[in-house]
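Have a look at the structure below before the remarks.
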Amino acid sequence: MAKRMLDGARRLSARGLAVGAAFLAFSGCETIREAEEAKSGVEARAAGQVAEKPLPDVGASLEEMVGFALGNRPSMATARLAVKDARLAMKEIAANAPLASMTPWNAIDADVSAGHSEQSKSKHHDDLGSHTYGNASGALSIDVLLWDFGRNDASLRAQAERLVAAELELVKTGYAIFEEVAGAYFERLQTAALLDVAFTNAQMRMEHLLQSQERLNAGEAQKLDVLRARLDLAEAREAVVSASNSYVNAGAGLAAALGLEADWGRSLEFGEANMNGYLQAFGPTDAASTEIFAFARTNAPAVQAARARLRAATYAVDVAIADLMPSVSASFSLNWNDPLWYWRWGFNAAQSLFSGFRNTAAIDRAVVAMDVAAAEVDAAELSLSLELELATEERDNAREALATAKASVQSAKENLDTVREQFLVGDASRVEFTDAVADYSAALANREKAFYRGQIAEAKLFALSGVWPVYDEKVVNAEEWEDAKK
């Protein structure tokens, strides 16, 4: 009889263990499966294998490039994961909620255990292990947090604001990527135009050398004129090499902004974009910095995120205060130790009487952290004001520089044409011709730089104010761009 009872107890113990294991497997199998899939997804990168990445179209517009970068840049992926982690932290806090909360089912903690043990009776050491006796046991315990005096609620609110801050940081990262891609894009366009200017300058130097050689053969020029023309051509070719290097470097910068390997930039082509046709992405704006700041101080992601962190810090003070309060809980346990059963229940109220002033110091630190967060809001607003002022000034200065450069190009072109004709008939010296070519090339370069400086400033204003850009991509010349502004 006793043997049958012992066997039954063992079977019950085995079943209890099986049921507990099955419950744990069921509750955690989905999470474990997702974790294993996540691990397998990074194994190749951890081993150093190069994964194939999608590529944007060679002739992609700026808007398409920005969209590609937002899905391809590691910094954007990191910001998205920060948002995901903040949401999981909210779930973790909600899992510790008391019974008197919006999620009362999370207040219950249940533990189950089962086991079997055997031992020998006291005997001489020669007879140890010859006869053993054992029994099965099991236990079920339930703990319920009834009330925590607002500790969990304050923690949840603080984490909710941290989640908002993480989401705003994600938006801020998106604008930063947009600004970086736009800056690299216009830098590439500018270097392409400057490379055309360098080629044009070298071509004019070559024509001047041929003309000088013809005049020398005709006895109308000196050998020094030919030597100087050759030197000018050599310098112009060096300028072409330098402009070509800048063009390649700008392509590498754009590739990096898109999250691609640097050599991809060599395949970029911009069609009609050259010194005779600007590739515009944004139409001209004229809002003052004060007007933009009045809107941006409540809309810019950087300032909004700082305010969210301040709100989180105020709730963190509530959490620190609530830590001084007691916690009230109830418990119930059921135990079985073959062949006995017994149970227990009770209420518990825990209050720390003295903790070396750690809790009060925690409140003081939380208040300091709140004051720091408030100062960071002020700093974010001041930084935004400064950056907006600089960006609007850059936009306006670039526009004025473009108007001046346009006039300079026209004057330099007229002067070059006049000097070229006079040089052919011997009324202009080689020095005058060289200066005229240099002035025209410099005016062309200044015009290209001014236009793309303005476009970079327009992109920065979008990013700073927290307004998604309004694209107006087309090829224009300087006159059309000025007319559109008016």
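The working numbering puts the last residue of the sequence shown at 490; the count rises by one with no breaks. Where is the CB? At the ideal position from N, CA and C, for every residue including glycine.
Helix, strand or coil for residue i? Go by DSSP, reduced to three states.
i: D487; result: Any reading at D487 needs caution, since the residue's pLDDT is 46, under 50, leaving its predicted position unreliable; the model's value is listed next. It is helical.
i: A51; result: coil
i: Y444; result: helix
i: L103; result: coil
i: L344; result: strand
i: V252; result: helix
i: F286; result: coil
i: E276; result: No answer about E276 holds up, because its pLDDT of 48 lies below 50 and its placement is not dependable.
i: G257; result: helix
i: L262; result: helix
i: L144; result: strand
i: V116; result: strand
i: V471; result: coil
i: G63; result: coil
Where do the ends of the alpha helix (DSSP H) carrying residue i lie?
i: A402; result: R362 to L428
i: A186; result: R155 to N221
i: L66; result: L66 to N76
i: A432; result: Here A432 belongs to no alpha helix (DSSP H), and DSSP marks it neither H nor E.
i: E295; result: S293 to A300
To the nearest whole angstrom, what separates the beta carbons of residue i and residue j, a pair I think is in contact under 8 Å?
i: A188; j: A254; result: 7 Å
i: Q163; j: A118; result: With 8 Å as the limit, Q163 and A118 do not qualify as a contact, their Cβ atoms being about 37 Å apart.
i: E173; j: K464; result: Not a contact, Cβ separation roughly 19 Å.
i: D322; j: A158; result: 4 Å
i: E67; j: D61; result: The pair is not a contact, with the Cβ atoms about 12 Å apart (cut-off 8 Å).
i: A377; j: L314; result: 4 Å
i: F297; j: L386; result: About 11 Å separates the two Cβ atoms, so there is no contact after all.
i: M210; j: L231; result: About 15 Å separates the two Cβ atoms, so there is no contact after all.
i: Y319; j: R161; result: 4 Å
i: A261; j: A73; result: 6 Å
i: V381; j: A310; result: 5 Å
i: A196; j: H212; result: About 25 Å separates the two Cβ atoms, so there is no contact after all.
i: E165; j: A312; result: 5 Å
In terms of residues, what are the limits of the beta strand (DSSP E) holding residue i?
i: K478; result: K478 to V480
i: L314; result: From DSSP, L314 is part of no beta strand (DSSP E) but of the alpha helix (DSSP H) over P305 to A326.
Can you tell which of the options has the C-alpha that lies nearest to the C-alpha of residue i?
i: D368; options: A317, V148, A298 and A260; result: A317
i: N205; options: G458, T364 and L420; result: L420
i: S121; options: N139, I112 and A104; result: N139
i: P288; options: D476, V423 and R311; result: D476
i: I325; options: A370, D290 and N339; result: A370
i: E425; options: Q414, V413 and A440; result: A440
i: T294; options: A384, S250 and L392; result: L392
i: N363; options: M210, A395, A409 and M329; result: M329
i: V479; options: A222, A312, S415 and Y282; result: Y282
i: L193; options: A300, Q284, H212 and E418; result: Q284
i: P473; options: A99, A180 and D115; result: A180
i: T177; options: V70, I36, G223 and D267; result: V70
i: L427; options: S216, L198, R77 and V185; result: First, the residue type needs correcting, since residue 427 is Phe and not Leu in the sequence shown. Measuring from the Cα of F427, the nearest candidate turns out to be S216.
i: W340; options: L258, A143 and S445; result: A143
i: I434; options: A416, L220, L264 and E47; result: Position check: residue 434 holds Arg in this sequence, whereas Ile was assumed. With distances taken between Cα atoms, R434 lies closest to L220.
i: V116; options: A104, D147 and L103; result: D147
i: A169; options: E418, V87, E34 and E96; result: V87
i: L198; options: N481, K453 and A461; result: K453
i: N156; options: K417, A64, A259 and D327; result: D327
i: L3; options: S141, P78, R37 and A99; result: Given a span of 5 to 490 for the chain in the structure shown, any question on residue 3 remains unanswerable.
i: G63; options: W268, D375, K410 and W349; result: W268
Are any of the Cβ atoms in chain D nearer than 8 Å to that of residue i?
i: S105; result: Absent from the structure is chain D; it holds one protein chain and no more.
Just checking residue i against the ligand MG - is the residue's beta carbon closer than 7 Å to any of the ligand's heavy atoms?
i: K95; result: In the structure on display, the ligand MG does not appear, and there are no ligands present to speak of.
| message | Would you call the region 196–210 in contact with the region 236–252, where contact means no fewer than 3 C-beta pairs closer than 8 Å? | response | Between the region 196–210 and the region 236–252, the count of C-beta pairs closer than 8 Å reaches three or more; the two stretches touch.
| said: Across the region 296–315 and the region 467–475, are there enough close Cβ pairs to call them in contact, namely three or more that are closer than 8 Å? | reply: Counting Cβ pairs under 8 Å, three or more are found: they touch.
| field | Stretch-stretch touch, CB-based, cutoff 8 Å, three pairs: the region 73–87 with the region 143–162 | value | no
| Between the region 388–400 and the region 286–301, do at least 3 Cβ pairs fall closer than 8 Å? | A contact exists between the region 388–400 and the region 286–301.
| said: For the structure I just gave you, are there three or more beta carbon pairs, one from the region 205–225 and one from the region 333–340, closer than 8 Å? | reply: no
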